[in-house]
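All residue numbers for the sequence shown refer to the numbering used here, where the first residue is 3 and numbers rise by one.
Glycine included, C-beta positions come from ideal geometry on N, C-alpha and C.
Here the structure comes first, spelled out in structure tokens, and everything after it is commentary.
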Amino acid sequence: MTTKSLGNPFDGDQSLIHAKTCGCPECKPGQETPSVSLNLQQSPSQDAVVSESAMDSEAMMDRAIESAVVRSVFGHNDHSRRSFMKMMGAGTAAALLGSVFPMEKAKAAVKESLGKLEKTRLNVGFVPITCATPIIMAHPMGFYERYGLDVTVTKTAGWAVARDKSLAGEYDASHMLTPMPLAMTMGAGSTPEPFIMPAVENINGQAIVLHVDHKDKRDPKQWKGFKFGVPFEYSMHNFLLRYYLAENGIDPDKDVQIRVVPPPEMVANLRAGNLDGYLSPDPFNQRAVWEKVGFIHMLTKDIWEGHPCCAFACSQQFATQNPNTYGALLRAIIDATQYSNNPDNRKEISEAIAPKNYLNQPVPVIQQVLTGYYADGLGEVQSVPDRIDFDPFPWHSMGVWILTQMKRWGYIEGDVDYKGIAEQVYLAGETGKLMEEMGYTAPDNTYKTHTIMGKTFDPDSPEEYARSFAIGRV
Numbered sequence: 003m004t005t006k007s008l009g010n011p012f013d014g015d016q017s018l019i020h021a022k023t024c025g026c027p028e029c030k031p032g033q034e035t036p037s038v039s040l041n042l043q044q045s046p047s048q049d050a051v052v053s054e055s056a057m058d059s060e061a062m063m064d065r066a067i068e069s070a071v072v073r074s075v076f077g078h079n080d081h082s083r084r085s086f087m088k089m090m091g092a093g094t095a096a097a098l099l100g101s102v103f104p105m106e107k108a109k110a111a112v113k114e115s116l117g118k119l120e121k122t123r124l125n126v127g128f129v130p131i132t133c134a135t136p137i138i139m140a141h142p143m144g145f146y147e148r149y150g151l152d153v154t155v156t157k158t159a160g161w162a163v164a165r166d167k168s169l170a171g172e173y174d175a176s177h178m179l180t181p182m183p184l185a186m187t188m189g190a191g192s193t194p195e196p197f198i199m200p201a202v203e204n205i206n207g208q209a210i211v212l213h214v215d216h217k218d219k220r221d222p223k224q225w226k227g228f229k230f231g232v233p234f235e236y237s238m239h240n241f242l243l244r245y246y247l248a249e250n251g252i253d254p255d256k257d258v259q260i261r262v263v264p265p266p267e268m269v270a271n272l273r274a275g276n277l278d279g280y281l282s283p284d285p286f287n288q289r290a291v292w293e294k295v296g297f298i299h300m301l302t303k304d305i306w307e308g309h310p311c312c313a314f315a316c317s318q319q320f321a322t323q324n325p326n327t328y329g330a331l332l333r334a335i336i337d338a339t340q341y342s343n344n345p346d347n348r349k350e351i352s353e354a355i356a357p358k359n360y361l362n363q364p365v366p367v368i369q370q371v372l373t374g375y376y377a378d379g380l381g382e383v384q385s386v387p388d389r390i391d392f393d394p395f396p397w398h399s400m401g402v403w404i405l406t407q408m409k410r411w412g413y414i415e416g417d418v419d420y421k422g423i424a425e426q427v428y429l430a431g432e433t434g435k436l437m438e439e440m441g442y443t444a445p446d447n448t449y450k451t452h453t454i455m456g457k458t459f460d461p462d463s464p465e466e467y468a469r470s471f472a473i474g475r476v
């Protein structure tokens, strides 16, 4: 597969972003186009056409740095870049940039800081939801190439597939739900394999959706007998739905049915009457409103403001065997997550991740999610700028809370080393140091208290917390 975002940044006719009109092989399966190698020592018009397979890691790194510099000059605005290149001409533009920017020194500095990459071609899995925004947009918007990586982002049908392909080594790293690397490390639901989670992808960003026929049932106490969908057992969706139901006196194991449904199938099951509602990632909450089959009962940020949802994770083996590659990949993810965190970038990102090889959703649906200006399905337009947000810091205390809910509902049994497991899997300390090195702000501590539906969670007393609820399995 060729990598469009690693193409010639001085070519005004070539888009570096997979937009709706993109004609690259990834967006139009069955077509093949060559990639162009760029070296500022020669005129871009004389570039030799070479295949990706013929490029060595050194050439890929050079191309990546050159492309990243050009992107940065234009603030990642591909329209401005292309207009300028067409006006100036590739050769003139390359010469102009080369006269004011020490490209060769930049290449040397980046290579020295990263070390020689053990692997440059990586396969990273993602489930097509807005929670995966940083992992997805890092591909069309050039964040992977900034660190010399040729990443294939592979759309994955659901979380069980993402888990199994990660365990089998088919994915070098993957978009995961924050409880998944904890469960995989412990062997809950799968064979045990040490996984690490160096970065959270999104916070907030989920919702409880009900079928339009239930507009008269806004009180959860009316939900006995309902059938709900969640995307995976080891998910914040499952644990937040269970928490919300139990706080309203509904036993999630006795009074309702909770079924695992892949996110892309949520709306169809709601329309067919197979579900009365679901707690799902977007854009499928907003898609239910778009298709007039559901309404948004509650955003999950109103259950727990700032709760984690999805994450970037990989096996401990991959990180150990490929430390420089792992470091470059994590830097790309942190950069992309911070870029996604800026509300000013959300409309641009919506267009970049909308195509069929990514989310395959209408741009307006994604924009409603990412900007927080949306129709709720109840006849109102809401403005909630932090409906979804992006923060890479993996708080140890969040990991401890997830483990308490796994214990509460019987997913794990016996004595649990809450902090030990959280600190083994969630690499908060290491990520914090890296964030500071990259010029971002990171918390001084890795633990804090959290408030969920008005109740304070103290990570220093996890077992007592897990046993403190009137409804639970312990």
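Hey, how far is the Cα of residue i from the Cα of residue j?
i: Gly-191; j: Val-163; result: 13 Å
i: Val-52; j: Asn-10; result: For Val-52, the pLDDT reaches just 37, beneath the cut-off of 50, and the residue's location in the model is therefore unreliable, although a value from the coordinates is still provided. Those two C-alpha atoms are separated by around 12 Å.
i: Gly-117; j: Asn-447; result: 29 Å
i: Tyr-467; j: Thr-406; result: 7 Å
i: Lys-145; j: Gly-189; result: Per the sequence presented here, residue 145 reads as Phe, with Lys not at that position. The straight-line gap from Cα to Cα measures roughly 33 Å.
i: Glu-195; j: Met-408; result: 18 Å
i: Val-71; j: Gly-100; result: 11 Å
i: Tyr-138; j: Tyr-360; result: Rather than Tyr, the amino acid found at residue 138 in this sequence is Ile. So the two alpha carbons sit approximately 7 Å from each other.
i: Thr-193; j: Ile-390; result: 32 Å
i: Asn-347; j: Ala-140; result: 13 Å
i: Lys-435; j: Ala-424; result: 18 Å
i: Val-383; j: Gly-329; result: 42 Å
i: Asp-255; j: His-299; result: 21 Å
i: Ala-185; j: Asn-276; result: 28 Å
i: Pro-36; j: Asp-13; result: Confidence at Pro-36 is low in this model, with a pLDDT of 29, below 50, so the placement of that residue should be treated as unreliable; the coordinate-derived value is given next. Cα to Cα, the separation comes out at about 14 Å.
i: Met-89; j: Glu-68; result: 20 Å
i: Asn-287; j: Val-365; result: 15 Å
i: Asn-250; j: Met-455; result: 11 Å
i: Gln-16; j: Arg-84; result: 8 Å
i: Phe-471; j: Met-182; result: 24 Å
i: Phe-234; j: Arg-333; result: 28 Å
i: Ala-356; j: Ala-159; result: 17 Å
i: Leu-98; j: Arg-261; result: 59 Å
i: Asp-419; j: Met-199; result: 17 Å
i: Gly-422; j: Phe-228; result: 38 Å
Would you say residue i and residue j are within 8 Å of each other, going by their C-beta atoms?
i: Asn-326; j: Pro-130; result: no
i: Trp-225; j: Val-258; result: yes
i: Phe-230; j: Gly-279; result: yes
i: Asp-378; j: Phe-297; result: yes
i: Met-437; j: Ile-336; result: yes
i: Met-440; j: Pro-310; result: no
i: Val-232; j: Val-269; result: no
i: Thr-302; j: Asn-206; result: yes
i: Gly-237; j: Trp-161; result: Position check: residue 237 holds Ser in this sequence, whereas Gly was assumed. Their beta carbons are under 8 Å apart, which means Ser-237 touches Trp-161 by this criterion.
i: Thr-339; j: Glu-203; result: yes
i: Ile-473; j: Ala-248; result: yes
i: Arg-469; j: Trp-411; result: no
i: Pro-136; j: Ser-352; result: no
i: Ile-368; j: Pro-285; result: yes
i: Leu-272; j: His-213; result: yes
i: Leu-281; j: His-239; result: yes
i: Asp-460; j: Thr-453; result: no
i: Thr-180; j: Gln-426; result: no
With distances taken Cα to Cα, identify the nearest neighbour of residue i among the options.
i: Glu-147; options: Leu-331, Tyr-341, Val-386; result: Leu-331
i: Ala-354; options: Lys-118, Ala-134, Val-72, Ala-95; result: Ala-134
i: Pro-142; options: Met-199, Pro-104, Arg-73, Asp-446; result: Arg-73
i: Leu-243; options: Ile-404, Thr-156, Phe-197, Ile-138; result: Ile-404
i: Arg-289; options: Asp-218, Val-211, Ser-317; result: Val-211
i: Ile-305; options: Val-427, Thr-458, Ser-168, Asn-347; result: Thr-458
i: Ala-209; options: Pro-364, Val-365, Phe-241, Thr-451; result: Phe-241
i: Asp-417; options: Glu-465, Lys-435, Gly-381; result: Glu-465
i: Tyr-449; options: Leu-169, Asp-462, Met-90; result: Asp-462
i: Leu-380; options: Tyr-420, Asp-253, Lys-223, Lys-219; result: Lys-219
For residue i and residue j, which I take to be in contact (beta-carbon distance under 8 Å), what is that distance rounded to the nearest angstrom?
i: Ala-313; j: Ala-201; result: 6 Å
i: Ala-430; j: Pro-396; result: 5 Å
i: Ala-95; j: Phe-86; result: 7 Å
i: Pro-387; j: Pro-345; result: 6 Å
i: Val-155; j: Phe-128; result: 6 Å
i: His-398; j: Tyr-428; result: 6 Å
Does residue i get closer than 8 Å to chain D when you measure Cβ to Cβ?
i: His-398; result: This model lacks chain D altogether, as it is built from one protein chain only.
So does the region 117-133 actually touch the region 147-158, counting three or more Cβ pairs closer than 8 Å?
Pairwise C-beta distances place the region 117-133 in contact with the region 147-158, as three or more of them are shorter than 8 Å.
Report yes or no: do three or more beta-carbon pairs, one from the region 263-278 and one from the region 297-316, lie closer than 8 Å?
With a cut-off of 8 Å, the region 297-316 and the region 263-278 do not count as touching, because too few Cβ pairs lie within range.
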